[in-house]
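Asker:
Residue numbers (the working numbering): 49 to 295.
(1) Which residues share a DSSP beta bridge with residue 155?
(2) Provide the residue span of the beta strand (DSSP E) that contains residue 194, from first to last.
(3) How would you label residue 182, buried or exposed, when you count the other beta carbons within 10 angstroms and need 16 or more for buried?
(4) Which two residues bound the contiguous beta strand (DSSP E) that contains residue 133?
(5) Please state whether the Cβ-Cβ distance between residue 96 and residue 170 is less than 8 Å.
(6) Taking the alpha-carbon of residue 148 as reference, which of 276, 272, 265 and 103 has the nearest alpha-carbon?
(7) Rounded to the nearest angstrom, how far is the Cβ of residue 252 from that of residue 158, given a contact under 8 Å?
(8) In this structure, does DSSP put residue 120 in helix, strand or coil?
(9) Could you give the residue range of the beta strand (DSSP E) that holds residue 129?
(10) If you compare alpha carbons, which of 81, 129, 260 and 102 is closest to residue 211?
(11) Assess, as a yes-or-no matter, whether the region 74-86 is touched by the region 195-204 under the definition of 3 or more beta carbon pairs within less than 8 Å.
(12) If you reduce the DSSP assignment to three classes, tell me which class residue 272 lands in.
(13) DSSP on residue 150, reduced to helix/strand/coil?
(14) In the DSSP output, what is residue 243 paired with across the bridge?
(15) Relative to the C-alpha of residue 189, which candidate in 87, 91, 101 and 92 has its C-alpha closest?
(16) Which residue wins for smallest C-alpha separation from residue 220, given the options 129, 141, 112 and 77?
(17) Note down the Cα distance separating residue 2 from residue 271, rounded to an integer number of angstroms.
(18) Less than 7 Å between C-beta atoms, sequence neighbours within five positions excluded: which residues of the same chain meet that for residue 37?
(19) I'd like the list of long-range same chain contacts for residue 127, defined as Cβ closer than 6 Å, with 5 residues on each side in sequence excluded.
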């Protein structure tokens, strides 16, 4: 599905990775579980992961909400858009170097409650199967958020713009609670059945919230250049993520 930048608030539901990506999802779950290769899996584990991947693809009910705001100013460690403020000194460095006019795109994408319910039900009979399905759901929601990001990038390119890598509350120096509060005030998350508690945790569990910045030209796409944590698991290059975010 192509994102239309003309809209201010959009509900989207077709960013599910295609069934043809089943093998890719399988391989990501294998890596997430700490195995160096599918070749080392026992038959039991291999079949369990295959079942989990199939269940996740079958039961996910993808919905997303996206909203655009013009970037008004960057002031120290704060990025201000129309209706939203992001407090992150590192990402403010990225926004400050973006050619203007620039925009902020905030989003929430979820796999829905059915997957959560199935994981909970499986825990009563097989913790192993529940664990594998939870892992498959985490990788699937990352893939889905990535598909949304790619669609935004394609649409931005068609309009002569670039986008940053997506960034989320709780990562880098963007405080989880403050960031979630800002996003949930800005977005109509209730329209897609997503809620956030006082600690900043979202339900359904397989949900990702985040932001990208779009501009005619970006000097940098990520904030990692201003971070000294060289061993960070989420560290990214200026071109793409070096490792995925974990849910």
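Heads up, the beta-carbon is just placed ideally off N, CA and C, and yes, glycines get one too.
A quick note: this is a predicted structure, and the numbers were derived from the prediction, not measured.
Answerer: Once the coordinates are examined:
(1) Stepping through the chain shown from its first residue, residue 155 is reached at position 107. Note: residue 155 sits in a beta bridge opposite 114 and 258.
(2) Against the chain shown, residue 194 aligns to sequence position 146. Per DSSP, residue 194 belongs to no beta strand (DSSP E); it is in the alpha helix (DSSP H), 175-206.
(3) Mapped onto the chain shown, residue 182 falls at position 134. Under this definition residue 182 is a buried residue.
(4) As a working mapping, residue 133 is identified with position 85 in the chain shown. Unbroken beta strand (DSSP E) run through residue 133: 132-135.
(5) Within the chain shown, numbered from 1, the residue matching residue 96 stands at position 48. Within the chain shown, numbered from 1, the residue matching residue 170 stands at position 122. One thing to note: residue 96 has its Cβ no nearer than 8 Å to the Cβ of residue 170.
(6) Taking the chain shown and counting its residues from 1, the one referred to as residue 148 is at position 100. Residue 148 has its Cα closest to that of 265, out of 276, 272, 265 and 103.
(7) Residue 252 sits at position 204 when you count from the first residue of the chain shown. Residue 158 sits at position 110 when you count from the first residue of the chain shown. With 8 Å as the limit, residue 252 and residue 158 qualify as a contact, their Cβ atoms being about 5 Å apart.
(8) Within the chain shown, numbered from 1, the residue matching residue 120 stands at position 72. Reduced to three states, the DSSP call for residue 120 is strand.
(9) Mapped onto the chain shown, residue 129 falls at position 81. First-last of the beta strand (DSSP E) with residue 129: 126-129.
(10) Taking the first residue of the chain shown as 1, we reach residue 211 at position 163. Measuring from the Cα of residue 211, the nearest candidate turns out to be 260.
(11) no
(12) The residue given as residue 272 occupies position 224 in the chain shown. Helix.
(13) On the chain shown, position 102 is the one that residue 150 refers to. Correct three-state label for residue 150: coil.
(14) Working through the chain shown from its first residue, we reach residue 243 at position 195. Residue 243 pairs with 251.
(15) Position 141 of the chain shown holds residue 189. It is 101.
(16) Your numbering for residue 220 matches position 172 in the chain shown. For residue 220, the nearest C-alpha among the options comes from 141.
(17) Residue 2 falls outside the range modelled here, since the chain spans only 49 to 295, and no answer is possible.
(18) The structure shown has nothing for residue 37, since the chain only spans 49 to 295.
(19) Mapped onto the chain shown, residue 127 falls at position 79. Hits under 6 Å: 134, 140 and 143.
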